[in-house]
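Protein chains in written order, with the numbering used here: chain P, 64 to 333; chain U, 44 to 361.
Glycine included, C-beta positions come from ideal geometry on N, C-alpha and C.
Scroll down for the structure; my scribbles are underneath it.
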C-alpha cells in the first residue's frame, strides 16, 4: 500500500513533463504528413533522391531509398534524431525524478525510513517508464496516422506506422534498461545524464558506423539502436514476435539487475 | 531500566569505506526501551555512519545491528513501521508544501494521528500558512521543524535522530527537549546523535562516546559527570604561600594573587589569593586540607560534557 503512495507521488512529479513530451512528439510527427502533402516538397525531395549515395542507405538501413520513394518526407519523421532524443529525455527525467534526484538531495533517507523497500522504488520506476514510453510511441503513431488520413487519404497505409511505433517502443525499453543500471550506481542526476548520455551517443554512432565498418559489427548485439529499423519497417519488414519477446525479456532483466544493484548499494546522503 | 527490553543492539558493527577508511569499527551497544540515548562524537567520529547503518541506508561490512530484536538489513521493512527518522541537516522534499510533505510521510508510515500532528505543529509554532508554502521557501529552522514533525507524527516506538537541533533557535530547542522527554515518558525510545554536549546533558539518560569509529565509553550521564574531575574555585581571606596549597586532593590549574588595591583590580575589596584547581582526590581530603587556611569562599563546578569529552579524547591521545 505504501508503495502505491510512493508511485502516486512519483507520477505527480512526472505527468506534466510526460504530457509536454507527448504533445511535442505529436506536433513534430504530424508536421511530416503535412509537409508531405505539399507537391513541391515531395518533388524536390525525389529530385534530391537521385543523388543519395549508397553509403547513406547502408547507414540508415535497408529500404531507406524505397521508404523515401514510397512515403516521401513522412519517412524522415522517424529517423530524425529529435524523435529519439525526446524519448530518451523522458527516460532520463523519470529515472532522475524517482531515483537519482532523491539520492542526490538526500530526501531518499526520509522515504526509505518508511516501510518502502528499495525494490519497490525500482518497481515504481518500471511502472512509470514502460507506460510512459508506450504513451510516447502511441503519440507518434496517432500523429502520423492522423496526418496520413487527413492529408493523404487512401493513398498511404497507416499500418507500417503502428509497426514502426512498436519497434521504437522496444528500442526505448532497451535503452531504459541501460539507464536504470546506471541510475543504480551513480550518486547524482548530473552523473547520470553525463555518463548515460555519453554511452548512448557512442551506441548511436556505432549503429550508424557499424554497417560501413565491419570491425564494429561485434558491438551491434548490445547496441540498442541497432534494433531500430524504421525504413525497413516502412517497406514491409516487421519486428517479429520472437524478437519482440526477446527485447522485452532483456529489458526486464536489465531492470531487475538495476533494482538488485540499487537494493545493495550504500546511500550516503540521507 | 537495565532489565528493560533492548530496542537497539549492535554486535561488532563495522563499516569500512573504499580505500580502507573506517566509518565505524567493532561497535557494540545496547539501547534500552524508554531511554534517551545520546551518541556523542566530533565531526567524522562515526555518528552518522552508525545511524545510516541502523536505518539501512548503508550496509555493514562486518557485524550486525538489530532493532526490536530484528536484523536491520533482513527485516528493514518491519522495523521501519515503528521508527521515526530524522536525517542530519537534509531538507525535506523541496518542491512539496509543508502540508503535502507531512501528509505524504504520514501515508508512507501507514499510521496517521491527525490530532497528534496538530499538537506537534502547535508546539513547533507552525501555522497553516506556513504549511501552505513550499519547503524550498522555508528557512533552515522551519525546514528542520517540519522534518521533526514528520519523525514524531506517527508515534513511532523508536526515534533515530541525527543532530536534531541543527538550525533550531534556542526556544525551539527547548520545546524539542520537552517533547523528547514527553515522548520518553510515554514509553518511547530515542537514539540521538549530537556534538552539542549541553543537549545530551539536558535530555539524555545515557550517552556513548565515539571516536574514530570506535566506541570509547557508555555511561549514565550522572556517572559520566562524576568520573570526570570537577573544578574547584577557592578564594582566601589572606595571601597564602602557594607551596602550602599543594595537595594530592587537587591539581592547581591557576593561581590569582591579586592584592587589595593593586592595579589589576582597583577598588576591589580583599581577594588576597584565589585559585582554580581540578579535583583529583576525594572531597574529604580536600576539605581537611583547606581547613588549614582562612577560606573566604569556595565553589565546586560540575564538569560540563565538554570536559568529559575532552577527558576521554585526552586519555585516548595518551
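C-alpha gap between residue 137/U and residue 186/U, whole angstroms | Within the second chain, numbered from 1, the residue matching residue 137/U stands at position 94. Within the second chain, numbered from 1, the residue matching residue 186/U stands at position 143. Counting only the Cα atoms, residue 186/U lies some 9 Å from residue 137/U.
Use the C-beta contact count for residue 60/U: other C-beta atoms within 10 angstroms, 16 or more gives buried, fewer gives exposed.
-> As a position in the second chain, residue 60/U is number 17, starting the count at 1. Exposed.
Where does residue 276/P sit, in a helix, a strand or coil, going by DSSP?
-> Here residue 276/P is taken as the residue at index 213 of the first chain, counted from 1. Coil, per DSSP.
Enumerate, from N- to C-terminal direction, the unbroken alpha helix (DSSP H) stretches of 4 or more residues contained entirely within the segment 150 to 229 of chain P.
-> 164 to 168, 171 to 175 and 181 to 214
Which term fits residue 184/P, buried or exposed, when burial requires 16 or more other beta carbons within 10 angstroms of its beta carbon?
-> Taking the first chain and counting its residues from 1, the one referred to as residue 184/P is at position 121. Burial call: buried.
Minimum Cβ-Cβ distance from residue 207/U to chain P less than 7 Å = Taking the second chain and counting its residues from 1, one reaches residue 207/U at position 164. Residue 207/U does not count as touching chain P.
Are the beta-carbon atoms of residue 118/P and residue 271/P separated by less than 7 Å?
-> As a working mapping, residue 118/P is identified with position 55 in the first chain. As a working mapping, residue 271/P is identified with position 208 in the first chain. Cβ atoms of residue 118/P and residue 271/P: not closer than 7 Å.
Contact with chain P by residue 261/U, beta-carbon distance below 7 Å = By one-based count along the second chain, residue 261/U stands at place 218. Judged by the 7 Å Cβ criterion, residue 261/U is not in contact with chain P.
How many Å lie between residue 299/P and residue 95/P at the Cα?
-> Taking the first residue of the first chain as position 1, residue 299/P is located at position 236. Taking the first residue of the first chain as position 1, residue 95/P is located at position 32. So the two alpha carbons sit approximately 20 Å from each other.
Return the bridge partner residues of residue 204/U from the DSSP annotation.
-> Residue mapping note: residue 204/U aligns to position 161 of the second chain, counting from 1. Bridge partners of residue 204/U: 129/U and 235/U.
Same chain, Cβ closer than 8 Å to residue 120/P, neighbours up to 5 away in sequence not counted | Position 57 of the first chain holds residue 120/P. The answer, listed in chain order, is 127 and 128.
Across which residues does DSSP place residue 139/U in a beta bridge pair?
-> Working through the second chain from its first residue, we reach residue 139/U at position 96. According to DSSP, residue 139/U bridges with nothing at all.
Closer than 8 Å at the beta carbon, the chain P residues around residue 126/U = Here the question's residue 126/U lines up with position 83 in the second chain. Those are 176, listed as they occur along chain P.
Test item: CB-CB of residue 322/U and residue 261/U under 7 Å = For this step, residue 322/U is matched to residue 279 along the second chain. For this step, residue 261/U is matched to residue 218 along the second chain. Not a contact, by the Cβ cut-off of 7 Å.
Chain-ordered chain U contacts of residue 72/P [CB-CB under 7 Å] | What you label residue 72/P is simply residue 9 of the first chain in a count that begins at 1. 147, listed in chain order.
Excluding five sequence neighbours on each side, which residues of the same chain lie with their C-beta closer than 6 Å to the C-beta of residue 322/P?
-> Mapped onto the first chain, residue 322/P falls at position 259. Answer for residue 322/P: 182 and 185, listed in chain order.
Cβ atoms of residue 197/P and residue 318/P: under 7 Å apart, would you say?
-> Along the first chain, one-based indexing puts residue 318/P at 255. Along the first chain, one-based indexing puts residue 197/P at 134. No, the pair does not count as a contact, with Cβ atoms beyond the cut-off.
Is any beta-carbon of chain P found at less than 7 Å from that of residue 247/U?
-> For the purposes of this step, residue 247/U is taken as the residue at position 204 of the second chain. No, because no Cβ of chain P sits closer than 7 Å to the Cβ of residue 247/U.
Let me know the secondary structure DSSP gives residue 120/P once reduced to three states.
-> The residue labelled residue 120/P in the question sits at position 57 within the first chain. Residue 120/P falls in the helix class under three-state DSSP.
For residue 152/U, go through chain P and note every residue whose CB falls closer than 7 Å to its CB, in chain order.
-> Counting from one through the second chain, the residue named residue 152/U turns up at place 109. Within 7 Å Cβ-Cβ: 177.
Could you pull the start and end residues of the alpha helix (DSSP H) that residue 173/U belongs to?
-> As a first step, residue 173/U must be located in the second chain, where it is residue number 130. It spans 171 to 175 - the alpha helix (DSSP H) in which residue 173/U sits, taken as one unbroken run.
Check each candidate in 246/U, 335/U, 101/U and 292/U and name the one with the smallest Cα separation from residue 327/U.
-> For the purposes of this step, residue 327/U is taken as residue 284 along the second chain, with counting starting at 1. Comparing Cα positions, the closest option is 292/U.
Can you give the beta carbon distance from residue 329/P to residue 101/U, rounded, assuming they're within the 8 Å contact cut?
-> If you number the first chain from 1, residue 329/P lands on position 266. If you number the second chain from 1, residue 101/U lands on position 58. Rounded, the Cβ-Cβ distance is 5 Å, consistent with contact.
Please decide whether residue 98/U counts as near chain P, where near means a Cβ-Cβ distance under 7 Å.
-> Along the second chain, read from residue 1 onward, the residue named residue 98/U stands at position 55. Yes, residue 98/U lies at the interface with chain P (some Cβ there is under 7 Å from its Cβ).
Examine the Cβ distances between the segment 139 to 146 of chain U and the segment 95 to 112 of chain U and report whether three or more of them are shorter than 8 Å.
-> no
Would residue 283/U pass as a contact of residue 232/U if the rule is Cβ separation under 7 Å?
-> The sequence position of residue 283/U within the second chain is 240, counting from 1. The sequence position of residue 232/U within the second chain is 189, counting from 1. Against a cut-off of 7 Å, the Cβ pair of residue 232/U and residue 283/U comes out as no contact.
Reduced DSSP category for residue 101/U - H, G, I as helix; E, B as strand; rest coil | In the second chain, residue 101/U corresponds to position 58, counting from 1. Residue 101/U: coil per DSSP, three-state reduction.
The segment 287 to 306 of chain P / the segment 225 to 244 of chain P touching (three or more Cβ pairs under 8 Å) | yes
Spell out the partners DSSP gives residue 81/U in its beta bridges.
-> Sequence index remark: in the second chain, residue 81/U carries index 38 (1-based). Note: residue 81/U sits in a beta bridge opposite 235/U and 250/U.
Do residue 168/U and residue 127/U have their C-beta atoms closer together than 7 Å?
-> The residue labelled residue 168/U in the question sits at position 125 within the second chain. The residue labelled residue 127/U in the question sits at position 84 within the second chain. No.
Among residues of its own chain, excluding the 5 on either side of residue 203/P, which ones have a beta-carbon nearer than 6 Å to its beta-carbon?
-> Stepping through the first chain from its first residue, residue 203/P is reached at position 140. Counting only Cβ-Cβ distances below 6 Å, and skipping sequence neighbours, we find 88, 92 and 228.
Mind listing which residues of the segment 218 to 242 of chain U have their C-beta closer than 8 Å to chain P's C-betas, in chain order?
-> none
For residue 281/U, count neighbouring Cβ atoms within 10 angstroms of its own Cβ and tell me buried if that reaches 16, exposed if not.
-> Stepping through the second chain from its first residue, residue 281/U is reached at position 238. Looking at its Cβ environment, which holds fewer than 16 other Cβ atoms inside 10 Å, residue 281/U is exposed.
Using three-state DSSP, classify residue 284/U as helix, strand or coil.
-> Locating residue 284/U in the second chain gives position 241, where the first residue counts as 1. DSSP places residue 284/U in coil when its eight states are reduced to three.
Are the C-beta of residue 101/U and some C-beta of chain P separated by less than 7 Å?
-> Residue 101/U sits at position 58 when you count from the first residue of the second chain. Chain P, which has a Cβ nearer than 7 Å to the Cβ of residue 101/U, makes this yes.
Partner residues on chain U for residue 330/P, Cβ-Cβ distance less than 8 Å = On the first chain, residue 330/P is found 267 positions in, with the first residue counted as 1. Chain U residues near residue 330/P: 95, 100 and 101.
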